[in-house]
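Written out below as structure tokens is the structure these notes cover.
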Amino acid sequence: MYAIEIKDLVKNYNGFLAVDNISLKIKRGEIYGLLGPNGAGKSTTINILSGLLKQTSGEIKINGVDVSKSMKGQNKVLGLVPQDIALYKSFTAEENLKFFGELYGLRGKKLKERVDSALEFTGLTDVRKKISKEFSGGMLRRLNIACALVHRPEILIMDEPTVGIDPQSRNHILNSVRELNKKGVTIIYTTHYMEEVEAICTEIGIIDHGKLIVNGTKEELKNLVCDKKKLIVSLQDIKSLDINTILNINGVVDVDFCENEIIISSNKEANNLEDIIKTLNSSNSEIINIKYEEVNLEQVFLTLTGRTLRE
Ligand code: ADP
Ligand code: MG
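Counting in my numbering, the sequence shown runs from 6 upward without gaps.
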């Protein structure tokens, strides 16, 4: 069953199409990354999904239930970490968590347990009595996440949860996402940082100008850009190499040179690494370094849109 199904979603802000007919399905148990530059329509999509904003048209199902008209009864299933931090700055960390827990109907011992566990999970136990105003950017982001988790949602929606924070808090958050996912929480993670999506997401949608331009696993997306695998070999003395011996290797389709490197392109399925190394070794040129080229999501975005993610 799908955790989320979005069909033909449109959001028109007074004539401006912020979400332009998006359809996507998110399986239970995924960490789904919604990747796109600023202004792509990520927050608009997420806010409609969480019931904060009304769509112009389109259908949304959560756990198979149509919530296009009303989110009634679905609020407890979802947790939202909003892009703009939504906390009471004059409250302590603990008071903020209690407030959100009570909103979800938690009381007494259960509330206390959930508050403790959310503080523990986000690494804020030591500062639970501190007023949030005094928190660093990273701590505020973590508290923002803790507040979305206190009612233990099955689906957690995170809108750019790592913007403007230190690397340590960022790592803490990325690890927390993985951990939550292991416990069975489905995660929808929006960001404009492709490294984050690469690091944690199991399924990825790339969004640009309100349109979902592609959707799939990391491997599927990368295969769109390049159906060959490229081996990059640095050689001590590249001139002594006979290129025909390489071109004759099973699976090799092309050879290129760049300074002291040779770039050997093979069919994806070819299993020829050992042959290539043997052939190179039998030439009079020592191998200094050897690696497969990494295709990243930035290249995928560039190929599909003609622009870089950060333009
Ligand atoms: P993202 O989260 O990917 O950065 P948003 O969903 O926030 O993108 O915004 C998508 C587009 O919609 C942007 O061009 C933004 O300026 C516009 N937009 C967002 N909110 C409003 C609004 N309330 N009224 C008019 N335009 C808006
Ligand atoms: Mg946004």
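Glycine included, each C-beta is placed from N, C-alpha and C at the ideal position. Quick caveat: nothing in here was measured; it's all calculated off a predicted structure.
Answer with yes or no whether the minimum CB distance from Asn186 to chain D is below 7 angstroms. Looking at the structure shown, chain D is missing, and only one protein chain is on hand.
Give me the residue from Glu264, Lys12, Ile27 and Ile11 with the minimum Cα distance to Ile212. Ile27
May I ask whether a heavy atom of the ligand ADP can be found less than 6 angstroms away from the beta carbon of Thr207? no
Grab me the residues of Thr61's own chain with a C-beta within less than 6 angstroms of its C-beta, minus the 5 sequence neighbours each way, in chain order. Val15, Lys16 and Asn17
Do Asp13 and Gly63 have their beta-carbon atoms positioned less than 7 angstroms apart in this structure? yes
In this structure, does DSSP put Phe104 in helix, strand or coil? helix
Does the beta-carbon of Ser48, which I'm using as the reference point, lie nearer than 6 angstroms to any heavy atom of the ligand MG? yes
On a Cα-Cα basis, can you pick out the residue from Leu252, Phe126, Asp131 and Glu203 that is closest to Cys152? Phe126
Considering only DSSP beta bridges, list what Asn294 is partnered with. Ser239
Please classify Ile192: is it buried, with 16 or more other beta-carbons within 10 angstroms of its beta-carbon, or exposed? buried
Contact check, Gly221 vs Ile237 under 8 angstroms by CB: the rounded distance? Not really, about 26 angstroms apart at Cβ, beyond 8 angstroms.
Which term fits Leu252, buried or exposed, when burial requires 16 or more other beta carbons within 10 angstroms of its beta carbon? exposed
Based on DSSP bridge pairs, tell me the residues matched to Cys231. Its beta-bridge partners do not exist; DSSP assigns none.
Does DSSP put Asp89 in a helix, in a strand, or in coil? coil
To which residues of the same chain is Leu314 closer than 7 angstroms at the C-beta, ignoring the five residues directly before and after it? Pro42, His197, Met199, Glu303 and Phe306
Roughly how many angstroms separate the alpha carbons of Tyr7 and Val258, rounded to a whole number? 41 angstroms
Taking the C-alpha atoms as reference points, what is the distance between Gln173 and Asn255? 46 angstroms
When you compare each of Ile281, Thr167, Asn249 and Ser287 to Lys296 by their alpha carbons, which one comes out closest? Ile281
Considering only C-alpha positions, which residue in the set Cys206, Val202, Gly169 and Lys138 is nearest to Asn186? Cys206
Would you decide whether Gly169 is buried or exposed? Buried here means 16 or more other CB atoms lie within 10 Å of its CB. exposed
For the putative contact between Ser245 and Asn265, defined by C-beta atoms under 8 angstroms, what is the C-beta separation to the nearest angstrom? Not confirmed; about 12 angstroms, so no contact.
Close beta carbons around Ala183, own chain, < 7 angstroms, minus the five adjacent residues each side: According to the sequence shown, residue 183 is Arg rather than Ala. Excluding sequence neighbours, Arg183 sits near Ile205.
For Leu334, collect the residues of the same chain with a Cβ closer than 6 angstroms to its Cβ; drop the 5 residues on either side in sequence, then sort them by chain order. No information on residue 334 is available, as it lies outside the stretch 6 to 316 that the chain covers here.
Let's test the definition: count the other Cβ atoms within 10 Å of the Cβ of Ala91 and tell me whether it reaches 16, buried, or not, exposed. exposed
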